[in-house]
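In our numbering, the protein residues as written are 6 to 50.
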Amino acid sequence: MQLTIKNLHNEQFTVECNDEDSVKALKDTIAARDDLREKYDPELL
Numbered sequence: 006m007q008l009t010i011k012n013l014h015n016e017q018f019t020v021e022c023n024d025e026d027s028v029k030a031l032k033d034t035i036a037a038r039d040d041l042r043e044k045y046d047p048e049l050l
C-alpha cells in the first residue's frame with residue numbers, strides 16, 4: 006500500500022507500507038529515507 010504524506014511545508018511524498026505496519030514502523034521508514042533523513046526525526050513524528 007502507498008501512503009501519501011503532506012508536511013507543513015506543503016511538500017508531499019509517498020511511503021510504501023503494509024496494512025500490518027505500526028505507526029512506529031512508518032516513522033522509522035520515513036526517517037530512513039535518504040531524501041527525508043535530514044528533515045525528520047522519528048522521535049518527533
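By construction, the Cβ of each residue, glycine as well, lies at the ideal position given by its N, Cα and C atoms. Predicted, not measured: the structure shown is a model, and the values here were computed from it.
Residue i lies in the beta strand (DSSP E); which residues open and close that run?
i, result
"L8", "Q7 to K11"
Going by alpha carbons, who is nearest to residue i out of the options?
i, options, result
"D1", "V28, Q17 and D26", "Since the first residue of the chain shown is 6 and the last is 50, residue 1 is not available in this structure."
Are residue i and residue j close, meaning C-beta to C-beta below 8 Å?
i, j, result
"Q7", "E21", "yes"
"T19", "T9", "yes"
Would you report the Cα separation of residue i and residue j, rounded to the nearest angstrom?
i, j, result
"K29", "H14", "22 Å"
"A37", "S27", "15 Å"
May I ask which residues mark the beginning and end of the alpha helix (DSSP H) holding residue i?
i, result
"D33", "V28 to A37"
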